[in-house]
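Take a look at the structure set out below.
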Amino acid sequence: MSSPGAATAFARGVQKLFVGNLPWTVSTRELQGYFSKFGHVQSSNVIYDKTTGLSRGYGFIVFSTRDGYANATNKPYHTLEGRLLDVQPAAS
């Protein structure tokens with residue numbers, strides 16, 4: 001079941017998700033690979049610290065369709081490399 005925030009974002013036509021609690025070793029490509037099973041991923045981005053070059057433990061996914069977004073937000077939980085991810089609609 002999707003969250004109320006997901007329903008609001010969906011109604012606005014936003015297909016962007018915040019993904020928190022990422023393992024430090026996950027790359028942008030791996031993040032995209034995981035979420036591509038829910039629908040076509042338009043873009044993915046892991047955020048890195050500019051000084052250290054290390055992952056900051058979060059990123060963003062943009063789906064090209066509302067179906068992909070809905071499929072991802074309807075899943076009750078997501079795990080990647082054994083870690084439970086924090087997946088929420090991204091603030092616009």
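The sequence shown: position 15 = 15 (UniProt numbering), numbered continuously. All residues carry an ideal CB built from backbone N, CA and C; glycine is no exception.
Rounding to the nearest angstrom, what Cα-Cα distance links serine 64 and proline 76 in this structure?
Spanning the two alpha carbons is a distance of roughly 21 Å.
Who are the Cβ neighbours of glutamate 81 in its own chain at under 8 Å, not counting the five residues just before and after it?
Once the five neighbours on either side are set aside, the close Cβ partners of glutamate 81 are Pro23, Thr25, Val26.
Which same chain residues end up closer than 6 Å to aspartate 67 when comparing Cβ atoms and leaving out the 5 residues on each side of it in sequence?
Result list for aspartate 67: Gly39, in chain order.
Do you know offhand how far alanine 11's Cα is from histidine 78's?
Bear in mind that a pLDDT of 48 at alanine 11, under 50, signals an unreliable position, so the number given afterwards is only what the model happens to contain. Their backbone Cα atoms lie some 23 Å apart in a straight line.
Every unbroken beta strand (DSSP E) inside the region 7-76 [3 residues or more]
Within the region 7-76, complete beta strand (DSSP E) segments of at least 3 residues are found at 16-20, 41-48, 55-63, given in chain order.
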